[in-house]
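For reference, the structure is listed below as structure tokens.
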């Protein structure tokens, strides 16, 4: 079996078709890469084969960034990924996955949960996640935070992700409404309404290490206001933010947190960034 065939087999085992497309989309130049893949109606094995060939042809397969992203996305397969990496990346005897990282207890865990149901206007949640990840990677201490992603989430997926990842920060990007509901996505990618009481009940039952909840959803300030004292701090939106403004707010907030600024200072600088959109009065911070 050639190294490329091994890589293709790994992709087939580690990712569903949808997960693989999303993962490729998060890479630098990801939109162009995804557009070069076969259409949606294709067998998983064929997609894995096409992806492996595409990454080899474009040189991405030999980039350290790809392998770092794979380890980040599939931490449990890190030894397998490192072994594969050594077959493609020159001088990969000591890949980033083997570098001394801080203890798990020291890294701040962020859980990014998103939903953009087909029945609602589309949200640029994948782009928002990429900008957040780029912000964390740009700082000197890139191991200070760990990032987990739960896309196209319904209530059960949100609950499971909170239970297993035990985040310090929950970032939820989805639609909201005037009644205080959050709109997640069910198995058919239709809207699943989560009431404020249901969401707050989840936080109460699974508090864990949670310190901050960020609700990047329209009209979510009415929920965020009720989150303390269940969780120390919460951020919600007074009204609707355009995608570009919402993404800029997210990037700036986490960029500042990664630079070890206080939450108050990080929030104020992110708010200031929104003045160019005239949207600086939308996000609200709650807590002591």
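Numbering (the numbering used here), first residue to last: 3 to 290.
By construction, the Cβ of each residue, glycine as well, lies at the ideal position given by its N, Cα and C atoms.
It should be emphasised that the depicted structure is a prediction, and the values quoted were computed from it without experimental measurement.
- Residue burial annotation: residue 160 is buried, with at least 16 other C-beta atoms found within 10 angstroms of its C-beta.
- Closest in C-alpha terms to residue 168, from the list 72, 151 and 262, comes 151.
- Of all C-beta pairs linking the stretch 194–205 to the stretch 120–128, fewer than three are shorter than 8 Å, placing the two stretches out of contact.
- Residue state for residue 81 is assigned as helix, using DSSP reduced to three classes.
- Beta-carbon to beta-carbon, residue 235 and residue 265 are separated by about 6 Å, close enough to satisfy the 8 Å threshold.
- Annotated as distal: residue 85 and residue 25, with beta-carbon spacing of 7 Å or more.
- For the pair residue 267 and residue 258, the Cα-to-Cα distance works out to about 8 Å.
- By the neighbour-count criterion, in which a residue is buried when 16 or more other Cβ atoms sit within 10 angstroms of its Cβ, residue 59 is exposed.
- If one requires a minimum length of 4 residues, the alpha helix (DSSP H) runs lying completely within the stretch 113–152 are 127–139, in chain order.
- Bridge partners of residue 177 according to DSSP: 185.
- With fewer than 16 other Cβ atoms from the protein chains shown falling within 10 Å of its own Cβ, residue 278 counts as exposed.
- Remark: three or more beta-carbon pairs, one from each stretch, lie closer than 8 Å, so the stretch 11–20 and the stretch 48–67 are flagged as touching.
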